[in-house]
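The sequence shown begins at 1 in full-length UniProt numbering and counts up one residue at a time.
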Amino acid sequence: MEEVRKDISSDHFLQGLTIGLLLGAGIFWLVSNSENKDKVLKKITGFFEGFPASSPDQSHQVSLSPKRRFIKQGKEL
């Protein structure tokens, strides 16, 4: 039973690794063959900007501009 569980977990790892490599290769191909590389990179990075930070203490916060940070703390500029 232990060996079956190890096989399943390694299969999931390999599937995740394969999907990640394919996505990375696809994005690399898209950027390298695009005439407007800057626009493509901005769209890709813009997609990931909305995700929360990876650190656990800041995972619920979204980065704010300095002005919004002061307003959030109850201070006005």
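Using N, Cα and C, we set each Cβ at its ideal position, and we do this for glycine too.
As assigned by DSSP and simplified to three states, the class of residue i
i, result
"GLN15", "helix"
"GLU49", "helix"
"ASN36", "coil"
"SER59", "Annotation note: pLDDT 46 at SER59 (below 50); position unreliable, no value reported."
8 angstroms contact criterion, which residue i and residue j should meet: CB distance rounded
i, j, result
"VAL31", "LYS37", "6 angstroms"
"ILE44", "ILE19", "Going by Cβ atoms, the distance from ILE44 to ILE19 rounds to 17 angstroms, so no, they are not a contact pair."
7 angstroms Cβ shell around residue i - same chain, five flanking residues per side excluded
i, result
"SER34", "VAL40"
"SER9", "none"
Min CB distance residue i to chain C below 9 angstroms
i, result
"HIS12", "Within the model displayed, chain C is absent; a lone protein chain is all it includes."
Spatial neighbours of residue i in its chain, beta-carbon cut-off 8 angstroms, leaving aside the 5 residues before and after
i, result
"ASP11", "none"
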